[in-house]
Amino acid sequence: MSQNKLSAPMVKAFLDNDSETFSYVVYDKPQGKGVVVDSVLDFDYKSGRTKTDSAQNIVNFVHEEGLEIEWILETHAHADHLSAAPFLREQLGAKVGIGEHIKGVQKIFKEVFNLEKEFLPNGADFDHLFADEETFRVGELQFRVIHTPGHTPADLAYLVNEQALFVGDTLFLPDVGTARCDFPGGSSKTLFRSIKKLLALAPETQMYICHDYPTEGRSHEYLTTVAEQRSRNIHVHDGVSEQEFVEMRDTRDATLDMPRLILPSIQVNIRAGHMPPADDSGKIYLKLPLNQL
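Going left to right, the sequence shown walks through residues 94 to 386 as the working numbering numbers them.
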């Protein structure tokens, strides 16, 4: 099928209210094949308990629509929620993919958390590591991978049929702005250049964001366009220079608290959503490093 005949993908969004995260099922109706993007494992920090209710909603939808899910895609190792990739992989038989630069993120946080020597920062916890500009097909969907470092070194965006862009945390809705860059390995200058690469896509490209923090007077939303971002994004609309962006972003980031779930999330997400190995008693623990972030 030639590119100009590709139809827009079907998209079903799922909102996790606790972390204000949108997960997506992206699929083609004719062949009934699709992917899951940025899933969420329910986690209660106070009790340390996990649940799969949110992920089960995705599984239920997949079964109701009669879909075959081929990939569970991560845009990056999230710092604000735990991934439900292992549960979805077991339920749906899909592979788990992330960007190849996750190896650098694993290396950084292996040191921060002093992880067990058996944990190797080689990306082997994932089924596949995507390279920049790599392409793959799922049914009638053509995916193009775009490396968008800055928020973290490993961020990706997934462009589907050259029409629908899943940007992870790189961009938010225009009235919210852009991702922070003060995590280990982050860079505001690099983020600006990544964003410019995305905003060079066709103006009508639909952009699906991963998080929304609604401004006063509106509810959660997840969809915008490249044209809207170029016109109205409060941080990177047309005319904002790299120097202006870097100064704004670095100044703003210096005032932000760390995300509530960054310490549990990163430990799990750099393992493709798997928990650390149990100790000799059979119990699983997450670490709480002091004065590291």
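By construction, the Cβ of each residue, glycine as well, lies at the ideal position given by its N, Cα and C atoms.
Out of curiosity, what's the CA-to-CA distance linking Ile191 and Phe219?
7 Å
Would you list, in sequence order, the uninterrupted beta strand (DSSP E) runs of no fewer than 3 residues that lie entirely inside the stretch 285 to 336?
299 to 301, 316 to 318
What does the Cβ neighbour count give for Met300, buried or exposed, with the cut at 16 atoms within 10 Å?
Buried.
Buried or exposed for Ala371, going by 16 or more other Cβ atoms inside 10 Å?
exposed
Just the C-alpha distance for Thr168 and Asp305, rounded to the nearest angstrom, thanks.
If you draw a straight line from the Cα of Thr168 to the Cα of Asp305, it comes to about 16 Å.
Would you give the residue range spanned by the alpha helix (DSSP H) that Phe276 belongs to?
From DSSP, Phe276 is part of no alpha helix (DSSP H); its letter is neither H nor E.
CB Asn172 to CB Leu316, shorter than 9 Å?
Residue identity check: residue 172 is Ala in the sequence provided, not Asn. Contact: no.
With a threshold of 7 Å on Cβ separation, who are the neighbours of Val155 within its own chain once the five nearest residues in sequence on each side are excluded?
If we look at Val155 and ignore the five residues flanking it on each side, its Cβ neighbours are Val118, Ile162, Leu185.
Residue closest to Asp111, alpha-carbon to alpha-carbon, out of Ser100, Leu99, Asp146, Gly125:
Asp146
Roughly how many whole angstroms lie between the Cα atoms of Val129 and Leu381?
30 Å
Bounding residues of the beta strand (DSSP E) (the contiguous stretch that carries Ala106):
103 to 109
Return the CA-CA distance between Gly278 and His330, expressed in angstroms with no decimal places.
Between Gly278 and His330, the C-alpha separation is close to 25 Å.
6 Å CB neighbourhood of Gln199 in its chain, flanking five on each side removed
Correct list, in chain order: Pro214, Ile363.
Report yes if the CB atom of His240 is closer than 9 Å to the CB atom of Ala217, and no otherwise.
no
For my contact list, Val205 and Gln385 are in at a C-beta cut-off of 8 Å; report their separation, rounded to the angstrom.
5 Å
Straight-line gap, Gln360 to Tyr378 (C-alpha atoms, nearest Å):
10 Å
Using only the alpha-carbon positions, how far apart do Glu314 and Thr308 sit?
11 Å
How long is the line joining the alpha carbons of Lys144 and Glu113, rounded to whole angstroms?
Going from the Cα of Lys144 to the Cα of Glu113 covers about 17 Å.
I'd like to confirm something about Leu356: is its beta-carbon nearer than 8 Å to some heavy atom of the ligand MN, or not?
The ligand MN is not part of this structure, which contains no ligands at all.
C-beta contact flag for Arg342 and Arg273 at 9 Å:
yes
With respect to the beta strand (DSSP E) encompassing Gln149, which residues constitute its N-terminal and C-terminal limits?
Not the beta strand (DSSP E): Gln149 falls in the alpha helix (DSSP H), residues 146 to 158.
In this structure, how does DSSP classify Asp135 when only helix, strand and coil are distinguished?
Strand, per DSSP.
Judging by CA-CA distance, which residue of Ala347, Glu321, Leu234 is the nearest neighbour of Phe265?
Per the Cα distances, Glu321.
Proximity to Gln256 [Cα-Cα], best of Glu183, Phe202, Phe236, Thr263:
Phe236
Per DSSP, what kind of secondary structure is Ile239 in: helix, strand or coil?
strand
Can you give me the C-alpha to C-alpha distance between His367 and Leu383, rounded to a whole angstrom?
In a straight line, the C-alpha of His367 is about 23 Å away from that of Leu383.
Can you name the start and end residues of the alpha helix (DSSP H) that Leu356 belongs to?
355 to 362
Going by DSSP in three states, Phe265 sits in which element: helix, strand or coil?
coil
Beta-carbon proximity check, Val189 vs Trp164, cutoff 9 Å:
yes
Between the C-alpha atoms of Gly375 and Pro352, what's the straight-line distance to the nearest angstrom?
29 Å
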